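The sequence shown runs 390 to 775 under this note's numbering. Even for Gly, the Cβ is constructed at its ideal location relative to N, Cα and C. Nothing here was measured: the structure is a model prediction, and the numbers come from that model. Taking it in order: structure first as structure tokens, then the write-up.
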Amino acid sequence: MPGLRASHSHLHFHLPQLTEIRRIYWSHSLKSVATNLVSIFIPIYLTKLGYDLGEILLFYLLMAAFWGLLQYPLFKLSNRIGTNKAMALSFVVHFAQLVLLATLPSAGWPLWLIALSWGTYIGLYWPCFRASFAKGLTGEHPGRSVGLSSALIMMAYGIAPAIGGIVATVFGINAVYVAAMVLLVVAALPLLTGPEIIKNDPFDLSKLRLRRIWRDLLANGSSEVDDVALSSLWPLLIFLIIPTYAGVGILSSLAVISGIVIAIYIGRREERRGTHRYLNQGVAVTATSNAARLATETAGQIATVNLVSGVGHAMLSTPYATEYYREADREPRLPYVYVMMTACALFDTVFFGILFVLAAVVPDKTVLVAGLAAVVPLTLLIRLIR
């Protein structure tokens with residue numbers, strides 16, 4: 390019977406994809422907890438070790454530059470060995486980066502080496518995650534899948550900074566590094582089981598028309614700068630007001646706890662009402678909260694701004710990711726993901742390059758405020774994604 394055959398074929402096609410999505414959910418959520426246990430504390434950690442703002446900005450500049458330079462060979466390698474194995478390999482590199490950070494006071498590693506390990510980890514992990522997630526979506530309810538993914542990631546972002554800050558304050562920052570290392574090992578296990586959905590897929594950049602996707606590139610680069618500024622500059626500005634790991638971690642957690650339910654809700658609603666309505670609303674709220682950061686002077690003001698920011702990013706992240714994955718399916722998938730990630734590396738390199746130069750001539754707080762101010766107009770560009 391044609392109907393029964395079609396139904397069986399449909400189920401056969403989507404079953405491995407659903408399995409892939411579940412494995413990615415599990416692995417990415419654990420990885421997100423591990424990364425966010427430490428990421429917002431890295432600039433503070435370097436400050437406590439005596440590095441000045443110029444050196445810290447140079448560290449982030451080198452990280453972005455290494456990421457951009459290594460993106461192509463790492464993406465080719467990932468496609469050859471399979472994206473799941475490549476993501477697992479990225480956890481090994483991330484593990485090594487945490488070891489370098491933990492032993493920095495005693496071994497005196499050059500910051501460029503830690504930046505190289507970080508850039509390598511990003512170049513291995515994020516393109517593979519984007520490509521695998523795009524291919525693993527069933528296509529029937531992409532908003533719900535993306536909404537659940539956003540909620541799980543936001544939960545990791547919400548829990549991890551508070552836990553990391555308290556653990557760092559009570560037991561020392563090395564205890565946080567050890568906890569993150571253990572989580573990375575556990576996160577790698579699901580990626581080493583089951584089939585590879587992406588392996589030796591077509592990767593021909595000549596088939597991609599940049600004229601058609603330039604809006605996506607601007608949107609993705611701007612979104613990346615928004616993320617990296619909030620994980621590097623904003624913690625330093627908070628630290629000037631509340632100089633403890635615990636204080637920074639707890640206040641940073643408020644930025645996402647408020648948005649977990651919103652991410653799931655929007656994922657379901659956008660399937661009926663479309664993504665751009667929620668995308669525009671999320672951009673407006675996020676830009677407003679980014680602008681409000683420039684005037685914060687007390688813990689209460691920081692907490693309020695972070696709560697509003699959590700709502701804005703929840704409204705923004707689900708429809709944005711939905712459009713990202715839809716466009717990845719409309720275009721040659723691997724070339725599209727590659728150039729989107731390359732745009733991120735380029736935007737980060739330019740952003741931190743400008744701030745590094747600025748740090749040589751103006752006070753530190755002025756540099757931090759200027760960097761956060763630059764994020765406000767960039768946030769408005771996120772709505773350009775098709």
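C-alpha gap between residue i and residue j, whole angstroms
| i | j | result |
| --- | --- | --- |
| residue 511 | residue 693 | 31 Å |
| residue 758 | residue 765 | 11 Å |
| residue 436 | residue 666 | 41 Å |
| residue 566 | residue 495 | 15 Å |
| residue 483 | residue 412 | 20 Å |
| residue 410 | residue 469 | 21 Å |
| residue 507 | residue 498 | 14 Å |
| residue 424 | residue 771 | 24 Å |
| residue 714 | residue 707 | 11 Å |
| residue 559 | residue 633 | 11 Å |
| residue 501 | residue 452 | 8 Å |
| residue 443 | residue 621 | 13 Å |
| residue 614 | residue 608 | 10 Å |
| residue 686 | residue 625 | 13 Å |
| residue 344 | residue 518 | Missing from the structure shown is residue 344; the chain here goes from 390 to 775 and no further. |
| residue 737 | residue 729 | 13 Å |
| residue 691 | residue 740 | 24 Å |
| residue 529 | residue 756 | Confidence at residue 529 is low in this model, with a pLDDT of 48, below 50, so its placement is unreliable and the value that follows should be read with caution. Computed Cα separation, rounded: 46 Å. |
| residue 701 | residue 680 | 13 Å |
| residue 440 | residue 752 | 15 Å |
| residue 617 | residue 719 | 28 Å |
For residue j and residue i, believed in contact at Cβ under 8 Å, the rounded distance
| i | j | result |
| --- | --- | --- |
| residue 582 | residue 675 | In fact, because the Cβ distance is near 37 Å, the residues do not count as touching under 8 Å. |
| residue 635 | residue 562 | Contact doesn't hold; Cβ gap of about 12 Å is too wide. |
| residue 516 | residue 596 | Wrong, their Cβ atoms sit about 17 Å apart, outside the cutoff. |
| residue 576 | residue 420 | 4 Å |
| residue 493 | residue 438 | 7 Å |
| residue 682 | residue 606 | 26 Å between Cβ atoms; not a contact. |
| residue 732 | residue 638 | Not really, about 30 Å apart at Cβ, beyond 8 Å. |
| residue 668 | residue 709 | 6 Å |
Selected residue, minimal CA-CA separation from residue i, among the options
| i | options | result |
| --- | --- | --- |
| residue 481 | 504, 502, 513 and 453 | 513 |
| residue 585 | 706, 467 and 629 | 467 |
| residue 684 | 422, 630, 610 and 617 | 630 |
| residue 579 | 627, 503 and 477 | 477 |
| residue 689 | 640, 739, 587 and 446 | 640 |
| residue 734 | 618, 587, 504 and 455 | 455 |
| residue 509 | 457, 474 and 472 | 457 |
| residue 704 | 723, 724, 678 and 717 | 678 |
beta-carbon residue i near the ligand GDP non-hydrogen atom, thresh 6 Å
| i | result |
| --- | --- |
| residue 760 | With respect to the ligand GDP, the structure offers nothing, as it holds no ligand at all. |
Could you tell me whether the region 585 to 599 touches the region 742 to 754, where touching means 3 or more Cβ pairs closer than 8 Å?
-> Fewer than three beta-carbon pairs drawn from the region 585 to 599 and the region 742 to 754 are found closer than 8 Å, and the two stretches are therefore not classed as touching.
Do the region 550 to 565 and the region 416 to 433 touch if we need at least three Cβ pairs shorter than 8 Å?
-> Yes, the region 550 to 565 touches the region 416 to 433.
Counting Cβ pairs closer than 8 Å, one from the region 568 to 580 and one from the region 683 to 701, do we hit at least three?
-> Taking a cut-off of 8 Å on C-beta distances, the region 568 to 580 does not touch the region 683 to 701, as fewer than three cross pairs fall below it.
Would you check if the region 600 to 614 and the region 506 to 523 touch, i.e. whether three or more CB-CB distances between them fall below 8 Å?
-> Taking 8 Å as the limit for Cβ pairs, the verdict is that the region 600 to 614 does not touch the region 506 to 523.
How about the region 487 to 494 and the region 459 to 468: do they share at least three Cβ pairs that are nearer than 8 Å?
-> Taking 8 Å as the limit for Cβ pairs, the verdict is that the region 459 to 468 does not touch the region 487 to 494.
Would you list, in sequence order, the uninterrupted beta strand (DSSP E) runs of no fewer than 3 residues that lie entirely inside the region 565 to 635?
-> Segments of the beta strand (DSSP E) lying fully in the region 565 to 635: there are none.
Length-filtered (4 minimum) alpha helix (DSSP H) runs lying within the region 423 to 458 | Whole alpha helix (DSSP H) segments, 4+ residues: 431 to 437.
Report the residue ranges of all alpha helix (DSSP H) runs contained in full by the region 465 to 517; include only those spanning at least 4 residues, in chain order.
-> Secondary structure remark: continuous alpha helix (DSSP H) runs of at least 4 residues inside the region 465 to 517, in chain order: 472 to 491 and 493 to 496.
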